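A.B. asks: Just so you know, the sequence shown maps onto residues 3 to 323 in our numbering. Positions of the beta carbon are idealized from the N, C-alpha and C atoms, including for glycine. Model, not experiment: these values are computed from the prediction. Structure incoming, see below.
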Amino acid sequence: MSTIPWQDKPENSTDVMWRYSENPIIDRYAIPSSNSIFNSAVVPFEDGFAGVFRCDNKAVQMNIFAGFSKNGIDWDINHEPIVMQAGNTDMIESAYKYDPRVVWIEDRYWITWCNGYNGPTIGIGYTFDFKEFFQCENAFLPFNRNGVLFPQKINGKYAMLSRPSDNGHTPFGDIWISYSPDMKFWGEHRLVMKPSAFEQSAWQCTKVGAGPIPILTEDGWLMLYHGVINTCNGFRYAMGAAILDTDAPDQVKYRTQPYLLGPAEIYEQVGDVGNVVFPCAALHDIEEDKLAVYYGAADTVVAIAFGKLSEVIQFTKDNSL
Ligand code: BMA
Numbered sequence: 003m004s005t006i007p008w009q010d011k012p013e014n015s016t017d018v019m020w021r022y023s024e025n026p027i028i029d030r031y032a033i034p035s036s037n038s039i040f041n042s043a044v045v046p047f048e049d050g051f052a053g054v055f056r057c058d059n060k061a062v063q064m065n066i067f068a069g070f071s072k073n074g075i076d077w078d079i080n081h082e083p084i085v086m087q088a089g090n091t092d093m094i095e096s097a098y099k100y101d102p103r104v105v106w107i108e109d110r111y112w113i114t115w116c117n118g119y120n121g122p123t124i125g126i127g128y129t130f131d132f133k134e135f136f137q138c139e140n141a142f143l144p145f146n147r148n149g150v151l152f153p154q155k156i157n158g159k160y161a162m163l164s165r166p167s168d169n170g171h172t173p174f175g176d177i178w179i180s181y182s183p184d185m186k187f188w189g190e191h192r193l194v195m196k197p198s199a200f201e202q203s204a205w206q207c208t209k210v211g212a213g214p215i216p217i218l219t220e221d222g223w224l225m226l227y228h229g230v231i232n233t234c235n236g237f238r239y240a241m242g243a244a245i246l247d248t249d250a251p252d253q254v255k256y257r258t259q260p261y262l263l264g265p266a267e268i269y270e271q272v273g274d275v276g277n278v279v280f281p282c283a284a285l286h287d288i289e290e291d292k293l294a295v296y297y298g299a300a301d302t303v304v305a306i307a308f309g310k311l312s313e314v315i316q317f318t319k320d321n322s323l
């Protein structure tokens, strides 16, 4: 088991989550072709970590790239994008790929991403080694984004969160859950969570979408998510947390009224799309009570925020909508 990145809470901080002092950890120009590297996913791999990174090139074509790290902070990202082979179906079109998530389930690493197939929908692939990648059937019809798998089967089936959307900068968005016996056919779609009422928690009143892979805790599934408010200056993305029932994850037990992390640092407020904190991955260590969240900042760079798992859970219970 690799040691996850960590930094103690600054003494003057009263927040439940805090930023890594050396943020951002990945610069927009970290590979020769890139315009921006953000909204990316990491997992423990061998004696370190591997990741799937969203790198938009200087033509602003969106694609996903594999990367490797010993410490989870310093990353070597491949200069060429991931090439997929046919997985559980004939090779299907992928006009673009963005916002990946990665999770180990049973015997392999599964990857989901927003896949361009006559509009955005959820692409699924897998790898054993982050060298060879296999692309499977899309999970859903267009339009959909933010497909996030659970790390284990629930009641005997694979489970995935997603957010049905439109073909543009969707002005709405609820989190749904769907189940599959085989990672190919998805159904039993159930609503998990809607945006909140404006007067109760305006930072999440326009749309919500799942972020990192949910973490199983004694209280249920800890689901970090992004919430969006539509302002005079456009969308503003912040991160909150919810706890979903362990066996029936369409049941939301708690959900933060305040956000856990909102755009406040310059690299979160200024970039290709300002005021975006967009979490796509988290490393955790239950025994050490540590959580490290990887998030895209301002659609330009990758940053990390830390928290004590127990404090994040307690905060979610104590400050629930
Ligand atoms: C969403 C997606 C994300 C992006 C966010 C903010 O619709 O496109 O990739 O981070 O908007 O621009």
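(1) Contact defined as beta carbons within less than 8 Å: I believe GLN87 pairs with PHE135. What is the distance between those atoms, to the nearest angstrom?
(2) Compute the Euclidean distance between the alpha carbons of ARG30 and ILE245, then round it to the nearest angstrom.
(3) Check the C-beta distance from ASN140 over to THR123 and give it rounded, since I have them as a contact under 8 Å.
(4) Between SER198, ASP131, THR114 and ILE231, which lies nearest to VAL278 when the distance is taken from Cα to Cα?
(5) Using 8 Å as the cut-off, classify the Cβ of TYR119 as near or not near the heavy atoms of the ligand BMA, replying yes or no.
(6) Report the three-state DSSP secondary structure of PHE317 (helix, strand or coil).
(7) Would you tell me roughly how many angstroms separate the C-alpha atoms of ALA199 and LYS209, rounded to the nearest one?
(8) Compare the Cα-Cα distances from GLU108 to each of GLY69, ILE156, GLU95 and ASP76 and report the closest residue.
(9) Buried or exposed: which applies to ASP58, given that a residue is buried once 16 or more other Cβ atoms fall within 10 Å of its Cβ?
(10) With hydrogens ignored, establish whether the beta-carbon of VAL275 is closer than 8 Å to any heavy atom of the ligand BMA.
(11) For the ligand BMA, is there a heavy atom less than 8 Å away from the beta-carbon of TYR227?
(12) Is it the case that the CB of VAL278 approaches a heavy atom of the ligand BMA more closely than 8 Å?
(13) Take GLN154 as the anchor and find which of PHE132, PRO216, HIS191 and PRO173 has the nearest alpha-carbon.
(14) To the nearest whole angstrom, what separates the beta carbons of THR258 and GLY222, a pair I think is in contact under 8 Å?
(15) Is CYS2 a contact residue of the ligand BMA, with contact defined as CB to any heavy atom under 8 Å?
(16) Cβ-heavy atom distance between ASN41 and the ligand SAM below 8 Å?
(17) Is the distance from the Cβ of ILE94 to the Cβ of ILE113 below 9 Å?
(18) For TYR239 and PRO183, what's the separation of their Cα atoms in angstroms?
(19) Between LYS218 and MET225, what straight-line distance do the alpha-carbon atoms span, to the nearest angstrom?
(20) Quick one: any contact between the region 59-79 and the region 98-106, if contact means 3 or more CB pairs under 8 Å?
(21) Should THR233 be counted as a contact of the ligand BMA given a C-beta to heavy atom distance under 8 Å?
(22) Go ahead and label ARG165 buried or exposed: buried means 16 or more other beta carbons lie within 10 angstroms of its beta carbon, across all protein chains shown.
(23) Out of VAL45, LEU285 and TRP188, which one is the CA nearest neighbour of CYS138?
(24) CA-CA distance, ASP10 and HIS286?
(25) May I ask which residues mark the beginning and end of the beta strand (DSSP E) holding TYR269?
(26) Compute the distance between the beta-carbons of ILE75 and PRO173, then report whether it is under 9 Å.
(27) CYS282 lies in the beta strand (DSSP E); which residues open and close that run?
(28) Cβ of SER35 within 9 Å of Cβ of PHE55?
(29) Would you give the residue range spanned by the beta strand (DSSP E) that TYR128 belongs to?
C.D. replies: According to the data block:
(1) Residue numbering aside, residue 87 sits at position 85 when the sequence shown is read from its first letter. Residue numbering aside, residue 135 sits at position 133 when the sequence shown is read from its first letter. Their Cβ separation, rounded to whole angstroms, is 7 Å, which keeps GLN87 and PHE135 in contact under 8 Å.
(2) For the purposes of this step, residue 30 is taken as the residue at position 28 of the sequence shown. For the purposes of this step, residue 245 is taken as the residue at position 243 of the sequence shown. If you take the alpha carbons of ARG30 and ILE245, they lie about 33 Å apart.
(3) Reading the sequence shown from its first residue, position 138 is the one you call residue 140. Reading the sequence shown from its first residue, position 121 is the one you call residue 123. At roughly 5 Å, the Cβ-Cβ gap stays under 8 Å, so ASN140 and THR123 are in contact.
(4) Translated into positions along the sequence shown, residue 278 becomes position 276. The candidate whose alpha carbon is nearest that of VAL278 is ILE231.
(5) Taking the sequence shown and counting its residues from 1, one reaches residue 119 at position 117. Result no, Cβ not under 8 Å from the ligand BMA.
(6) Taking the sequence shown and counting its residues from 1, the one referred to as residue 317 is at position 315. In this structure, PHE317 counts as helix in the three-state DSSP scheme.
(7) Residue numbering aside, residue 199 sits at position 197 when the sequence shown is read from its first letter. Residue numbering aside, residue 209 sits at position 207 when the sequence shown is read from its first letter. Near 11 Å, if we compare the C-alpha coordinates of LYS209 and ALA199.
(8) If you number the sequence shown from 1, residue 108 lands on position 106. Of GLY69, ILE156, GLU95 and ASP76, the residue nearest in Cα terms is ILE156.
(9) Counting from one through the sequence shown, the residue named residue 58 turns up at place 56. The residue in question, ASP58, is buried, as its Cβ has 16 or more Cβ neighbours within 10 Å.
(10) Walking along the sequence shown from the start, residue 275 turns up at place 273. Yes, Cβ of VAL275 sits closer than 8 Å to a heavy atom of the ligand BMA.
(11) Position 225 of the sequence shown, counted from the first residue, corresponds to residue 227. TYR227 Cβ: outside cutoff for every heavy atom of the ligand BMA.
(12) Residue mapping note: residue 278 aligns to position 276 of the sequence shown, counting from 1. Distance from the C-beta of VAL278 to the nearest heavy atom of the ligand BMA is below 8 Å.
(13) The residue you call residue 154 lines up with position 152 of the sequence shown. When only C-alpha atoms are compared, the closest one is PRO216.
(14) The residue labelled residue 258 in the question sits at position 256 within the sequence shown. The residue labelled residue 222 in the question sits at position 220 within the sequence shown. About 14 Å separates the two Cβ atoms, so there is no contact after all.
(15) Any property of residue 2 remains undetermined from this structure, which presents the chain solely from 3 to 323.
(16) Because the ligand SAM does not appear in the structure shown, any question about it cannot be addressed here, the ligands present being the ligand BMA.
(17) The count along the sequence shown starts at 1 and reaches residue 94 at position 92. The count along the sequence shown starts at 1 and reaches residue 113 at position 111. Taking 9 Å as the Cβ cut-off, ILE94 and ILE113 do not qualify as a contacting pair.
(18) For this step, residue 239 is matched to residue 237 along the sequence shown. For this step, residue 183 is matched to residue 181 along the sequence shown. One C-alpha to the other measures close to 33 Å.
(19) Working through the sequence shown from its first residue, we reach residue 218 at position 216. Working through the sequence shown from its first residue, we reach residue 225 at position 223. At residue 218 the sequence reads Leu, which differs from the Lys that was named. The straight-line gap from Cα to Cα measures roughly 9 Å.
(20) Contact holds between the region 59-79 and the region 98-106, because three or more Cβ pairs, one in each stretch, are under 8 Å apart.
(21) Position 231 of the sequence shown, counted from the first residue, corresponds to residue 233. Checking the Cβ of THR233 against the ligand BMA gives no.
(22) Reading the sequence shown from its first residue, position 163 is the one you call residue 165. Under this definition ARG165 is a buried residue.
(23) As a first step, residue 138 is located in the sequence shown; it is residue number 136 there, counting from the start. Ranking VAL45, LEU285 and TRP188 by Cα distance to CYS138 puts TRP188 first.
(24) By 1-based counting over the sequence shown, the position of residue 10 is 8. By 1-based counting over the sequence shown, the position of residue 286 is 284. Straight-line Cα distance between these residues: approximately 15 Å.
(25) Here residue 269 is taken as the residue at index 267 of the sequence shown, counted from 1. Premise fails: TYR269 lies in the alpha helix (DSSP H), 268-271, not in any beta strand (DSSP E).
(26) The residue labelled residue 75 in the question sits at position 73 within the sequence shown. The residue labelled residue 173 in the question sits at position 171 within the sequence shown. No, they are not a contact pair.
(27) Translated into positions along the sequence shown, residue 282 becomes position 280. Counting along the chain, the beta strand (DSSP E) containing CYS282 begins and ends at 279-287.
(28) Here residue 35 corresponds to residue number 33 of the sequence shown, with the count starting at 1. Here residue 55 corresponds to residue number 53 of the sequence shown, with the count starting at 1. Their beta carbons are not under 9 Å apart, which means SER35 does not touch PHE55 by this criterion.
(29) Within the sequence shown, the letter at position 126 stands for residue 128. Per DSSP, TYR128 belongs to the beta strand (DSSP E) from 122-129.
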